[in-house]
């Protein structure tokens, strides 16, 4: 694999990658142990856990609408910092067992994740040249997956048996450090070419285009599968696993996802965006089939859960390139905002689907998301056909 030469935005890109790594180390424990905290410390049932997660996702969806336009008007760097600030505050949810406080802080976590994710991706499209955007996106997402592989075992050691307060305070301190680093990033701006940078929610009408709407479906449908994944740590516990077993699963899946991200980004730059997207969807369908056939087995959750997460993260790695293909830079904030709204809706649907159906039949929710992603694979052919006349893939 060839190492790309440094571009004029190399400082901005390297700084963004550092922010993402710190974010991933913090985010993985913050989200991975939430379902266990609600279930074991607060006595919530699986269905109640799913509803709390879904409530936070609704807040994240609303924050995406606001954040997309805000990121285009204020600048992606400021939007990123605002999201990280909310995440720092939300880490304190592990220091309280008051239902109102925990749910409120979880809602802030979802809002902060929405703002930081869409602003970070928007910043990435400006900091990396189009020729290395695939590989840069893979390294960017490494912050989440590789960061998760680092953060999960450290969190398990901090957590011990039930030291959730210690975990929450440590994560909050790490989030504040990440916020400080993000404020050192150069403030990059896209040229508007006549398009307004004014903060306005009604400017989303610019996104009403067939290729962007299909891109939305390519974001929404695979995320319905990903929405089931926050419940996998709890399923591992219910199959006789421990907190250490959950941390091992998170680490294994994060390491595998890091490899698939790098491969997907490299293939997108060298072979083409179309081929790498179709391959990622095929891998996701294979993982879903494996989960359908082995959902009652702990080894099945480990192997095919990791495979599915790897495929989902490969698709996420390709997202900035897909956005770059379908839209001009001046509206990238709004495009990412729309896609994050759809991501949140799909996460909510997948989580509620899992919380409702997993207690009835372990295979049923995976059958449903498998059919949805088969449709996504077919839509991807049409998406690339429409864009073929405008961009050389």
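Numbering (this note's numbering), first residue to last: -2 to 390.
From the three backbone atoms N, C-alpha and C, an ideal C-beta is built for every residue, glycine too.
Which term fits residue i, buried or exposed, when burial requires 16 or more other beta carbons within 10 angstroms of its beta carbon?
{"i": "residue 91", "result": "buried"}
{"i": "residue 97", "result": "exposed"}
{"i": "residue 69", "result": "buried"}
{"i": "residue 189", "result": "With a pLDDT of 45 at residue 189, under the threshold of 50, the predicted position of this residue should be treated as unreliable, though the coordinate-derived value follows. Per the 10 Å Cβ criterion, exposed."}
{"i": "residue 139", "result": "buried"}
{"i": "residue 317", "result": "buried"}
{"i": "residue 241", "result": "exposed"}
{"i": "residue 227", "result": "buried"}
{"i": "residue 235", "result": "exposed"}
{"i": "residue 165", "result": "buried"}
{"i": "residue 206", "result": "exposed"}
{"i": "residue 180", "result": "exposed"}
{"i": "residue 367", "result": "buried"}
{"i": "residue 82", "result": "buried"}
{"i": "residue 31", "result": "buried"}
{"i": "residue 383", "result": "exposed"}
{"i": "residue 328", "result": "buried"}
{"i": "residue 233", "result": "buried"}
Excluding five sequence neighbours on each side, which residues of the same chain lie with their C-beta closer than 7 Å to the C-beta of residue i?
{"i": "residue 390", "result": "Bear in mind that a pLDDT of 47 at residue 390, under 50, signals an unreliable position, so the model cannot answer this."}
{"i": "residue 377", "result": "215, 274, 275 and 278"}
{"i": "residue 324", "result": "209 and 332"}
{"i": "residue 359", "result": "292 and 293"}
{"i": "residue 379", "result": "211"}
{"i": "residue 14", "result": "136, 137 and 140"}
{"i": "residue 248", "result": "146, 149 and 150"}
{"i": "residue 27", "result": "88, 106 and 168"}
{"i": "residue 114", "result": "337"}
{"i": "residue 155", "result": "163, 164 and 167"}
{"i": "residue 356", "result": "43"}
My understanding is that residue i touches residue j, with C-beta atoms under 8 Å, so please give their C-beta distance in whole angstroms.
{"i": "residue 33", "j": "residue 264", "result": "Not really, about 36 Å apart at Cβ, beyond 8 Å."}
{"i": "residue 372", "j": "residue 218", "result": "6 Å"}
{"i": "residue 284", "j": "residue 313", "result": "Actually they are not in contact, since the Cβ atoms of residue 284 and residue 313 sit about 15 Å apart, beyond 8 Å."}
{"i": "residue 262", "j": "residue 131", "result": "4 Å"}
{"i": "residue 175", "j": "residue 20", "result": "5 Å"}
{"i": "residue 51", "j": "residue 185", "result": "About 35 Å separates the two Cβ atoms, so there is no contact after all."}
{"i": "residue 223", "j": "residue 347", "result": "6 Å"}
{"i": "residue 396", "j": "residue 287", "result": "Outside the displayed range of the chain (-2 to 390) lies residue 396, so it cannot be described from this structure."}
{"i": "residue 220", "j": "residue 340", "result": "5 Å"}
{"i": "residue 310", "j": "residue 254", "result": "4 Å"}
{"i": "residue 289", "j": "residue 363", "result": "5 Å"}
{"i": "residue 16", "j": "residue 178", "result": "5 Å"}
{"i": "residue 281", "j": "residue 370", "result": "6 Å"}
{"i": "residue 392", "j": "residue 112", "result": "As shown, the chain starts at -2 and ends at 390. That puts residue 392 outside it, with no answer to give."}
For residue i, collect the residues of the same chain with a Cβ closer than 8 Å to its Cβ; drop the 5 residues on either side in sequence, then sort them by chain order.
{"i": "residue 24", "result": "84, 110, 141, 144, 145 and 148"}
{"i": "residue 279", "result": "374"}
{"i": "residue 229", "result": "246, 298 and 302"}
{"i": "residue 266", "result": "128, 129, 130, 131 and 132"}
{"i": "residue 169", "result": "85, 86, 88 and 89"}
{"i": "residue 173", "result": "85"}
{"i": "residue 41", "result": "35 and 49"}
Could you check what DSSP says for residue i in three-state terms: helix, strand or coil?
{"i": "residue 231", "result": "helix"}
{"i": "residue 370", "result": "helix"}
{"i": "residue 328", "result": "helix"}
{"i": "residue 334", "result": "helix"}
{"i": "residue 72", "result": "coil"}
{"i": "residue 183", "result": "coil"}
{"i": "residue 39", "result": "coil"}
{"i": "residue 355", "result": "coil"}
{"i": "residue 20", "result": "helix"}
{"i": "residue 157", "result": "coil"}
{"i": "residue 293", "result": "coil"}
{"i": "residue 30", "result": "coil"}
{"i": "residue 95", "result": "coil"}
{"i": "residue 206", "result": "coil"}
{"i": "residue 399", "result": "Given a span of -2 to 390 for the chain in the structure shown, any question on residue 399 remains unanswerable."}
{"i": "residue 287", "result": "helix"}
{"i": "residue 64", "result": "helix"}
{"i": "residue 106", "result": "helix"}
{"i": "residue 49", "result": "helix"}
{"i": "residue 268", "result": "coil"}
{"i": "residue 225", "result": "coil"}
{"i": "residue 125", "result": "coil"}
So, for residue i: in the same chain, excluding its five sequence neighbours on each side, which residues have a beta-carbon less than 6 Å away from its beta-carbon?
{"i": "residue 171", "result": "23"}
{"i": "residue 56", "result": "104, 107 and 108"}
{"i": "residue 12", "result": "182"}
{"i": "residue 345", "result": "51 and 54"}
Would you check if there are 3 or more beta carbon pairs closer than 8 Å linking the segment 346 to 355 to the segment 35 to 54?
Contact holds: three or more Cβ-Cβ distances are below 8 Å.
Tell me whether the segment 330 to 340 and the segment 51 to 64 touch, counting them as touching only if at least three CB pairs, one residue from each stretch, are closer than 8 Å.
Result yes; three or more Cβ-Cβ pairs closer than 8 Å.
Quick check: the segment 66 to 80 against the segment 116 to 133, are there 3 or more CB pairs under 8 Å?
Under the Cβ criterion (8 Å, minimum of three pairs), the segment 66 to 80 counts as touching the segment 116 to 133.
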